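S.K.: Here's a structure for you.
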Amino acid sequence: MSNKKENIKLKQFFHELKFEIKKVTWPQKNSVITSTLVIIFIMFFFTLFVMSNDFIFGKVIFILKNNFLRTI
571 MSNKKENIKL KQFFHELKFE IKKVTWPQKN SVITSTLVII FIMFFFTLFV MSNDFIFGKV
631 IFILKNNFLR TI
């Protein structure tokens with residue numbers, strides 16, 4: 571008996587899902603492309619920023635470590 575109820579609930583769920591998806595206002599193709607390009611651009615420059623900071627701080631720590639070890 572509960573199996574029939576589960577099937578009915580599942581059918582009702584998908585029916586309501588289909589109805590709700592029809593009400594969605596989907597973005598225009600140009601909007602999606604523009605947003606995607608902006609995100610890729612931001613990720614590229616953020617990656618460059620993190621890489622350059624890593625390189626600079628790595629060099630500074632290496633220099634400080636070598637200078638500290640020479641003085642001991």
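In this note's numbering, the protein residues as written are 571 to 642.
For every residue, glycine included, the Cβ atom is placed at its ideal position computed from N, Cα and C.
This structure is a prediction, so every number in the text was calculated from the model and none was measured.
1) Looking at the structure shown, is residue 594 part of a helix, part of a strand, or coil, going by DSSP?
2) Please report the straight-line C-alpha distance between residue 613 and residue 607, rounded to a whole angstrom.
3) State the Cα-Cα distance for the pair residue 635 and residue 622, rounded to the nearest angstrom.
M.R.: So, from the listed chains and residues:
1) The answer is coil: DSSP assigns residue 594 none of H, G, I, E or B.
2) For residue 613 and residue 607, the distance between alpha carbons rounds to 10 Å.
3) Between residue 635 and residue 622, the C-alpha separation is close to 20 Å.
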